[in-house]
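Visitor: The structure follows.
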Amino acid sequence: MPSLYIDADACPVREESLRVALRHKVPVVIVSNGGIRPVDHPLVRMVYVDQGADEADKWIAAACVPGDVAITADIPLAARCIDAGAEVIKPDGTVLTAASIGQALAMRDLAADLRSADPFRQGSGKAFGPRDRSRFTQALERLLARAR
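Residue 47 in this note's numbering sits at position 62 of the sequence shown, with consecutive numbering throughout.
Structure representation (structure tokens):
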């Protein structure tokens, strides 16, 4: 049985993720540095890691196995999960694969270079909206149905 791992500290789709996973009866592991309200359900496990920039990422990457699904916007974490054989979906519904992760890493690095070259550059990220939530929910439905 696959598990669903949620990189929860800045995840805007926790509620949608739980709804879909519980409907599919998939165990959920919510990983955070704290500050996330506990979920009282037998299929949901809360994991609180030490404070630190990548502690939740390290935990998720070490726990993922083939067939699992991870939800994260963190591209390096996504790459590690894909390397472990897990499926990865971003909160906007984009599914990252072994074929697409290289480009995603390159775009992340390019964006970081652009930001460092122009310290006054601000507001280049797009807002997260209802269409993103809908796209995410549909993509997660497909991933979990296929993973089961």
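Glycine residues also receive a C-beta, built at the ideal position from the N, C-alpha and C atoms.
On the DSSP bridge assignment, give the partners of residue 17 in chain order.
Guide: 33
Visitor: With residue 55 as the anchor, note down where its beta strand (DSSP E) starts and where it stops.
Guide: 54 to 56
Visitor: Go to residue 5, then tell me how far its alpha helix (DSSP H) extends in each direction, as first and last residue.
Guide: -1 to 8
Visitor: Along the chain, where does the alpha helix (DSSP H) that runs through residue -8 open and close?
Guide: That residue, residue -8, is in no alpha helix (DSSP H); its beta strand (DSSP E) goes -11 to -8.
Visitor: Apart from the five residues on each side of it in sequence, which residues of its chain come closer than 7 Å, Cβ to Cβ, to residue 59?
Guide: -8, 42
Visitor: Judging by CA-CA distance, which residue of 112, 129, 128, 71 is the nearest neighbour of residue -3?
Guide: 112
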